Every structure is written in C-alpha cells, then in structure tokens.
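Asks:
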Amino acid sequence: MNTPKLIITPRRPAVLADFPATVDVLVRVQAPDLPAGVQATRTPLHLALVIDRSGSMAGQPLAEARRAAAFVIDGLAPQDRASLVVYDDSVDTLVPLTGLADKSVLRKAIAAIDSAGSTDLHGGWFGGAETLAPATAAGIISRVILLSDGCANHGLTEPEAIFAQCRELAAAGVTTSTYGLGRGFNEDLMIGMARAGQGNTYYGQTAEDLMDPFREELALLNALCARRLILEVQTAEGVRAEVLNGYTAVGDGSWQLPDLAYGGEAWALVRLTVPRRSASADPAMLMTAGVRYVDLSGEPRALQPETLTLPAVAAGAYDALLEDELVARRAGELEAARLQREARAAARRHDWATVDLLVAKTRVLGEANPWLGDIAAGMAVLADGRDEVMFAKEAAYSSDRMSNRLAPSRESRDRSAPAPAFLRRKSAQGKAEPDATDRK
479 MNTPKLIITP
489 RRPAVLADFP
499 ATVDVLVRVQ
509 APDLPAGVQA
519 TRTPLHLALV
529 IDRSGSMAGQ
539 PLAEARRAAA
549 FVIDGLAPQD
559 RASLVVYDDS
569 VDTLVPLTGL
579 ADKSVLRKAI
589 AAIDSAGSTD
599 LHGGWFGGAE
609 TLAPATAAGI
619 ISRVILLSDG
629 CANHGLTEPE
639 AIFAQCRELA
649 AAGVTTSTYG
659 LGRGFNEDLM
669 IGMARAGQGN
679 TYYGQTAEDL
689 MDPFREELAL
699 LNALCARRLI
709 LEVQTAEGVR
719 AEVLNGYTAV
729 GDGSWQLPDL
739 AYGGEAWALV
749 RLTVPRRSAS
759 ADPAMLMTAG
769 VRYVDLSGEP
779 RALQPETLTL
789 PAVAAGAYDA
799 LLEDELVARR
809 AGELEAARLQ
819 REARAAARRH
829 DWATVDLLVA
839 KTRVLGEANP
849 WLGDIAAGMA
859 VLADGRDEVM
869 FAKEAAYSSD
879 RMSNRLAPSR
889 ESRDRSAPAP
899 AFLRRKSAQG
909 KAEPDATDRK
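Going by my numbering, the sequence shown opens with residue 479, and the numbers climb by one from there.
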C-alpha cells in the first residue's frame, strides 16, 4: 500500500538529430492515495517547539506563536512526544521531551511564555535539537520546529557554521523546519537551515498569517509515507545530467528529494546534454533513474529503476512533436523561480526597473500556468510599493516553493482544485490562504 511509483517523462519523445541537444526529463516519485475511510498509519513524531521570546515578539506576535504551538500539541497523537524550548539571549528548556498522554503540562508552559531579551537563534535551535537527539531512532520522525521574527544576534551567528550543524543533525536523524515572522528575520538563514536540515521552511508576513504554515506542516507530518528520498541518475556515455530544482547533491549523480506524502509526488526536472547523433528510428538509452528511500518503519527501500530511451529525428520532425504539457509546466515553474531569484537580487540593490522587467517576464509564463500568473500579480504589488524587504522575502520563499514543492499526483492547471494544505499552490507564501479543500 505504501510503495511509491517512479515515472520518467521527456518533454518531447525524441532527440534533435545532427546537433548537440538538450533533453528535459521530468522524474516523478508518486505516493499512493490513501483509500477513503482509511486512517494513515504514520511514524511517531518527536517535535521540539523552539519559540523566539525576544523583546520584538511582544504582543500579538508572541500571542500567535503561543496559539500555533498549542495547535501543534493538540494535533499530536498519544504515541508522539514533544518538548518546548524558548530563547532570547539565553535558552530555557521549559518542558523536556515528554509523552502526550497528558498534554496539560505543555499547554500550561506554552500559555506562560513571555517576551524579553535579544535573539540567540542558534542556541534556541540547538537546545531544541538536544532534547530530541537522545530519543532519535529509525522509526521516529524527530524534528525541531524553530520560530523567529529576528536575526541571529547573540551566540553563534555565522550562517555556514549553523548550516553545517543542521546537516550533521539531519544525518543523525534530527531534522529542522523554520518559521520566519514579519520584516526583521533573516530569510537566507531560515531557508538555509531548513534546506540543510531536511525540513520545511515557511514565513508569515504578519502574526495573523502564522497559523497557516503550522497547519500545513502538521498535515504533512501526519500524511508522510516515505522519507529521505534519494534520486540516483546514471547516463549513457557522453550524456551529462543536471537537476534544475537546486536540490542538494548527496553524491555523484545523486540528489536529496523532499519527503513524500500520500496523494503527492516529489519531482525533479533533469536536463540532459546529449552529444550529436545522426537521425535514427532506433531508440538509444539516455539515462536510468532510481530512487532510494526510508519507509515508515525506518527500513531502507529502493524502487525499480526506470530507463529513458529516445530516437533521434531531423529538425522538421522534431519541431512537429508535441511537448508534454506537465513537463513544460514544471519547466516553466523552475524558470519562474529563477526569475524570482534574479528579481530579489535586483530589489536588494534597488534596481526597480530590472525588478519590473523580471516580474513582467513571470507574467508571460503565467499565460500557460495560472498559478504563476497569480504569483506575478502579487509580486507586482510589492514591486509597485518599492518594498525591498517584503519583496525580497516573498521572492525568496516563492522561488524556494516552486523549486522544492510536493505536487498533487494528479495535478491540473487549476490551483483551486481540492488538495491537502501541504499540496496547495499559494499565490503568496507569506499570507494565510484557505485550504483548497475549503473552497466552494
């Protein structure tokens, strides 16, 4: 029931003959659907809630953080465990890792959190990880959930050193998800920690937007069916492969994919550079793709590899071939992500003419993909207001989402189609948005 399916699809069903060529290939790892009326059997969760209580969190931000933390605790099962860590310029473990047969201790501790001090972000994160590490095991998901509205300005503050520790702990079984709030946090640090820590990254533009990503992650953790996916690509002699999503390389020809949830698919767009071939109706092998993963019990598994073979055809015949609509759409999303990154860099140097041009190019991509059109419209509003800070944050999270998202296994162009929270295509990553399942 939990075995994923591996699918590889070229953008066109042939290679252009007589020239060096590129071939875009969509690799999808599809999870099964959970049968109607069947409750998912999931891996026990060990979560460390790490909450910034520095002075800037006073008032509504901290109130929403407390509400989100209580929501997470209420959504956990009796077999799960949780801890609570708060930080300003010091770190306090309010509740060590504890069982959830009685949640009142955690609820009371959450309700009592108050604000003070500066921001030892690394110390808070590491303190949360320390509560999880002793109880980490193969059949358990151990995750630090880190919330901050500011920059690391106390303790260890060097991003690369923090990322290295996130990678080390992820390899040992303790992953990291990050939640930024408002205008003052460092999105490069928060996104980088989540990527290195093999978790997820979210932000809320305001305190009122904070609950939405907590709901999304809890829904995802409750629906996981495969973890630690590794894509392995082998190519024919002379063929080179590049993964365009920006996934972390974990070896020669291997990349880390997102964890997989019921009803979803992890995907990668592989660009093959193929040496010149003469026209031939006989297909030639270009690549083989395989996937390794860890199942819910912590056991290593592997999917049967799939091989791509394509003929080489002359230019006229090649131009007449139809593109696969889904492959083209995903390629458009990755191009939009690239434009977002360029626009963010331009906004940082106050080059708003370039920002406007890049947003306009994203609008053009939106003609074939309504989701991209919605994103471009929101980015245009931020650009028109010349709001460098929020434009940079939204561009960073939007480009990351387009490149790394789980997609519905039967995705349509219409983003309003019903889907779980973790499969939504939000038009603005920093704004709360109703689940598609709630839309009429």
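Each residue gets a CB set at the ideal place from its N, CA and C atoms; glycine is no exception. Since we're looking at a predicted model, the values are computed, not measured.
1) Alpha carbon to alpha carbon, how far is Y771 from A746? Give it in angstroms, no decimals.
2) Between which two residues does the beta strand (DSSP E) harbouring S732 extend?
3) May I ask you to report which of helix, strand or coil DSSP gives H600?
4) Just mark G617 as buried or exposed, buried being the case when its beta carbon has 16 or more other beta carbons within 10 Å.
5) Can you tell me which of the three DSSP states A795 falls into?
6) Find the nearest neighbour of G741 within the set M689, A885 and E845, judged by alpha-carbon distance.
7) What do you get for G660, buried or exposed, if any count of 16 or more other CB atoms within 10 angstroms of its CB means buried?
8) Only counting the same chain, and skipping five residues up and downstream in sequence, which positions put a Cβ closer than 7 Å to that of G601?
9) Between L836 and L572, what straight-line distance do the alpha-carbon atoms span, to the nearest angstrom?
10) Rounded to whole angstroms, how far is the Cβ of L667 from the Cβ of P637, which I believe are closer than 8 Å?
11) Give the single residue among I486, N480 and M868 whose Cα lies nearest to the Cα of V805.
12) Can you look up V837 in the DSSP assignment and give me helix, strand or coil?
13) Indicate whether I619 and L523 have their beta-carbon atoms separated by less than 7 Å.
14) Between D580 and P574, what straight-line distance do the alpha-carbon atoms span, to the nearest angstrom?
15) For V501 and R754, what's the separation of their Cα atoms in angstroms?
16) Helix, strand or coil for A594? Go by DSSP, reduced to three states.
17) Tell me, please, which residues DSSP counts as bridged to P886.
18) Could you check how far apart the C-beta atoms of Q818 and S732 are, in whole angstroms? I think they sit under 8 Å.
19) So does A587 have its beta carbon nearer than 6 Å to some heavy atom of the ligand GTP?
20) Return the residue from the list V833, L781, E784 and E845 that minimises the CA-CA distance to G810.
21) For a quick check, are the C-beta atoms of I623 and L525 less than 7 Å apart?
22) Using DSSP bridges, identify the partner residues of H828.
23) From P482 to R779, what distance separates their C-alpha atoms?
24) Mind checking whether P761 and P789 have CB atoms under 7 Å apart?
25) Taking 7 Å as the cut-off, decide whether the C-beta atoms of A672 and A701 are in contact.
26) Measure the alpha-carbon distance for V652 versus M535 and round it to whole angstroms.
27) Give the single residue among A767, G675 and L696 whose Cα lies nearest to the Cα of A450.
28) For E911, collect the residues of the same chain with a Cβ closer than 6 Å to its Cβ; drop the 5 residues on either side in sequence, then sort them by chain order.
29) What ranges does the alpha helix (DSSP H) occupy inside the segment 604-670, keeping only unbroken runs of at least 4 residues that lie completely in it?
30) I believe V791 touches A495 by the beta-carbon criterion, under 8 Å. Please report the beta-carbon distance rounded to the nearest angstrom.
31) First and last residue of the beta strand (DSSP E) that includes M535?
32) Is E777 helix, strand or coil by DSSP?
33) Comparing alpha-carbon positions, which option in V507, E866 and A744 lies nearest F900?
34) Which of helix, strand or coil does DSSP assign to K483?
35) Would R531 and S593 be called neighbours here (beta carbons separated by less than 7 Å)?
36) Is it buried or exposed, D916, if we count other Cβ atoms within 10 angstroms and call 16 or more buried?
Replies: According to the structure shown:
1) 15 Å
2) S732 to Q734
3) helix
4) exposed
5) helix
6) A885
7) buried
8) Y565, V569 and G633
9) 47 Å
10) 5 Å
11) I486
12) helix
13) yes
14) 14 Å
15) 12 Å
16) coil
17) G742
18) The Cβ separation is near 27 Å, so there is no contact.
19) With respect to small molecules bound, the structure shown includes none, and the ligand GTP cannot be examined in it.
20) E845
21) yes
22) Note: H828 sits in no beta bridge, so no partner.
23) 10 Å
24) yes
25) no
26) 26 Å
27) Since the first and last residues shown for the chain are 479 and 918, residue 450 lies out of range.
28) K904
29) 637-649
30) 6 Å
31) From DSSP, M535 is part of no beta strand (DSSP E); its letter is neither H nor E.
32) coil
33) A744
34) strand
35) yes
36) Reliability fails at D916, whose pLDDT of 40 lies under 50, so the model's placement of it is uncertain and no value is given.
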